[in-house]
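Below: the structure, in structure tokens.
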């Protein structure tokens, strides 16, 4: 934005947001700069991570930039936001840890299989088989199976935050129709307590998958991440629930 | 692998500690792929096997050294059955209604027997017609 008037008007809206903390205004400011976040996410492509997962990370950076921007310092928002978003993306790759040692080649296969699931699902109109994924990726079936298992050992903490801070309206509507019900009160109390140990997004995914009957791909579509990432989050949540259960028993 | 008349059986014996459950998941994915399950169904199968394997393992604070977890994957023309058994001595079980609900959502049938001495499970996953 080079026009001084336009920049002044934009800054006024950031000043207003700092004063009011109005959610609608914040969301407008985020919407207006989504292109910046997507563009920066694109620069980090080709490293084995799904594009939509990187966009999610960039959106977290954009949200942080909107929250922290101080227009009175005289910088343009894009000048301030770029290093914030880039920093978030770099942190994502730095934080990305494998809980067991996974060979680099297999790490690359995880990304390839993730992309193949998406493209093959779209083309076939259904979930692909392992054999179809092997053809799609030019990997052996064994390599695809290895990649599926390796995906579980992958953690990416910085995608956890929900950029909108409140979940999508579609998700809220879907969740509203679901009842996590058990006949006896004791079980229900324990289940509620276990589920409360998860953060909102993880709880939502568990509820949609196991109580709402949505597939991983359907959940992925609703929350805007890849199916492989939903798979990771489910595996992590189930491990956490198990640990909570053991702690309860102890 | 063994079996007769279109039925194939895979037997796997792993140490009864969580670190080795990965091998059970890998075998499940392979067996599911041989049955012709799609990617989503295999993900579900893996979750079911994972959950039930952990359910039959002795708790970490059990006093006895961990026994092996014995697994049998039976491939029928239309379904996969997985049976697991672990001698746990007097170790307590850690199973919840939530865990049962999770397994019920991802497999067609299952049973879990947590009697003193041996914990067992059985699950069945069918290929869609």
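Chains as they are written, first to last, in this note's numbering: chain W, 1 to 250; chain F, 1001 to 1129.
Virtual Cβ for every residue (Gly too), placed ideally from N, Cα, C.
As the structure is a prediction and not an experimental result, all values here were calculated from the model.
Think of a sphere of 7 Å around the beta carbon of residue 242 (chain W): the chain F residues whose beta carbon falls inside it are 1054, in chain order. Around residue 1040 (chain F), the beta-carbon contacts reaching into chain W at under 7 Å are 127, 215, 216 and 217.
Residue 1038 (chain F) sits buried, since 16 or more C-beta atoms from the chains shown fall within 10 Å of its C-beta. Residue burial is scored here from C-beta neighbours: residue 137 (chain W) has at least 16 other C-beta atoms within 10 angstroms and is therefore classed as buried.
By the Cβ test, the stretch 220-232 of chain W is in contact with the stretch 105-119 of chain W, since at least three Cβ pairs between them sit closer than 8 Å.
Closest in alpha carbon position to residue 1117 (chain F), among F:1087, F:1070 and F:1026, is F:1087. Rounded to the nearest whole angstrom, the CA to CA distance from residue 77 (chain W) to residue 71 (chain W) is 7 Å. Assignment of residue 55 (chain W) by DSSP, reduced to helix, strand and coil, places it in the helix class. Residue F:1101 holds the alpha-carbon nearest to the alpha-carbon of residue 208 (chain W) among F:1120, F:1127, F:1083 and F:1101. DSSP, read as helix, strand or coil, puts residue 1076 (chain F) in coil.
Around the beta-carbon of residue 1058 (chain F), 16 or more other beta-carbon atoms lie within 10 Å, marking it buried.
DSSP places residue 1124 (chain F) within a strand segment (E or B) once states are collapsed to three. Using beta-carbon distances, residue 1033 (chain F) counts as an interface residue toward chain W, with a partner under 8 Å. Across the set W:246, W:81 and W:224, the C-alpha of W:246 shows the shortest separation from the C-alpha of residue 194 (chain W). Restricting attention to W:197, W:218, W:211 and W:133, the CA atom closest to the CA of residue 236 (chain W) is found in W:197. In terms of beta-carbon proximity, residue 1079 (chain F) stays away from the interface with chain W, with every pair separated by 8 Å or more. Secondary structure at residue 1050 (chain F): helix, using DSSP grouped into helix, strand and coil.
Proximity of residue 231 (chain W) to chain F, defined by a Cβ-Cβ separation below 8 Å, is satisfied. In summary, the residues of the stretch 128-141 of chain W whose CB is separated from some CB of chain F by less than 9 Å are 128, 129, 130, 131, 132, 133 and 141, in the order they occur in the chain.
The C-beta of residue 122 (chain W) has fewer than 16 other C-beta atoms within 10 Å across all chains shown, which makes the residue exposed. Under the Cβ criterion (8 Å, minimum of three pairs), the stretch 1009-1026 of chain F does not count as touching the stretch 1096-1116 of chain F. Distance from the Cα of residue 108 (chain W) is smallest, within the candidate group W:202, W:59 and W:49, for W:49.
Proximity of residue 225 (chain W) to chain F, defined by a Cβ-Cβ separation below 8 Å, is not satisfied. Between the alpha carbons of residue 1043 (chain F) and residue 55 (chain W) lies a gap of roughly 25 Å. The residue from W:205, W:74, W:39 and W:103 with its alpha-carbon nearest to that of residue 85 (chain W) is W:39. Here residue 109 (chain W) carries a helix assignment [DSSP, helix/strand/coil]. Around the beta-carbon of residue 1108 (chain F), fewer than 16 other beta-carbon atoms lie within 10 Å, marking it exposed.
Around the beta carbon of residue 1128 (chain F), fewer than 16 other beta carbons lie within 10 angstroms, which makes this residue exposed. Between residue 1077 (chain F) and residue 1006 (chain F) a beta carbon distance of about 5 Å is seen, short of the 8 Å cut, so the two are scored as contacting. For residue 16 (chain W), the uninterrupted alpha helix (DSSP H) segment begins and ends at 4-20.
Neighbours of residue 117 (chain W) across chain F, judged by C-beta separation under 7 Å: 1039. Contact annotation: residue 66 (chain W) and residue 26 (chain W) have beta-carbon atoms nearer than 8 Å. Out of F:1019, F:1040 and F:1036, the CA that lies nearest to the CA of residue 1069 (chain F) is found in F:1019.
For residue 1024 (chain F), the closest Cβ of chain W is not nearer than 8 Å. Counting only residues of its own chain and dropping the five nearest sequence neighbours on each side, residue 1036 (chain F) has a CB closer than 8 Å to the CB of 1127. Any Cβ of chain F closer than 8 Å to the Cβ of residue 149 (chain W) would place that residue at the interface, and such an atom is present.
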